[in-house]
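Trainee: Residue numbers (the working numbering), protein chains in the order written: chain D, 1237 to 1350; chain E, 207 to 320. Note that the Cβ used here is the ideal one computed from N, Cα and C, for glycine as well. Predicted model only: the values in this text are computed from it and were never measured. Quick one: structure below, then a few questions.
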Amino acid sequence: QKEVEQDPGPLSVPEGAIVSLNCTYSNSAFQYFMWYRQYSRKGPELLMYTYSSGNKEDGRFTAQVDKSSKYISLFIRDSQPSDSATYLCAMSANYGGSQGNLIFGKGTKLSVKP
Amino acid sequence: DAGVTQSPTHLIKTRGQQVTLRCSPKSGHDTVSWYQQALGQGPQFIFQYYEEEERQRGNFPDRFSGHQFPNYSSELNVNALLLGDSALYLCASSLAAGGPYEQYFGPGTRLTVT
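Set out below in structure tokens:
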């Protein structure tokens, strides 16, 4: 079993739809949960992060973490064609000096059709 | 602020050759991490450099080595290239005292091994 599992999709939705992206994980030591967006042939850019369990909202984006189920989600409201990208979840157990080792999911390729 | 820069953008090498990739961190950052992202996969952690030393290493063979210079820039070297080394190589910079969500990724170097 991989440490982080993410459905690679692809996922195609009409403009304006609510998108739900999910990851599951097996390592209970993970404390930091990140969502990155990666456009084709570009590096990942951080969308949101959450520490431990709970919800976090930023504009059209909401991140949820359920540590009891080892399950995280990213919701995108009123999706736009510009949201078309690959979305990667990433996790880490550490802060400070040993924070380098992010564990990523495979990424979900999202396409929002006008 | 130029952000994280990487060079070259892409290159093609032959199996058995050696390659050097370069990374300049975001201004003010002192830590550089390298990731390998194969096609259709999430990034995998190779190693991290801080104070010119390798601080953490992922599950990669010794053919992968690196260096950090006094100006915090970094190099990734791969010897005896294999076809399976074809991937996007990402550099991420951060502050050693920062959180795992504070890694900024460069655009990557796409390596093709033929």
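Which whole-angstrom value is the C-beta distance of L287(E) and Y295(E), which I expect to be below 8 Å?
Mentor: Between Y295(E) and L287(E) the Cβ distance is about 12 Å, and since that is not below 8 Å, they are no contact.
Trainee: Is there a Cβ from chain D that is less than 8 Å from the Cβ of F270(E)?
Mentor: no
Trainee: Under 7 Å Cβ-Cβ, which residues of chain E neighbour E1359(D)?
Mentor: Here chain D comprises residues numbered 1237 to 1350, so residue 1359(D) is not present and cannot be evaluated.
Trainee: Leaving out five residues before and five after I1254(D) in sequence, what residues of the same chain have Cβ atoms less than 6 Å from its Cβ?
Mentor: R1313
Trainee: Is F251(E) close to chain D? Criterion is C-beta to C-beta, closer than 8 Å.
Mentor: yes
Trainee: Can you list, in chain order, the residues of its chain whose CB lies under 7 Å from that of S292(E), leaving out five sequence neighbours each side?
Mentor: The residues are L317, T318 and V319.
Trainee: Does the beta carbon of S1328(D) come closer than 8 Å to any beta carbon on chain E?
Mentor: Closer than 8 Å: yes.
Trainee: If you measure from the beta carbon of P214(E) to each beta carbon in chain D, is any gap under 8 Å?
Mentor: no
Trainee: Is it true that the CB of I1308(D) sits closer than 8 Å to the CB of E1239(D)?
Mentor: no
Trainee: Whose C-beta lies closer than 7 Å to the C-beta of Y256(E) among residues of the same chain, with five residues either side of it excluded?
Mentor: D236, T237 and A302
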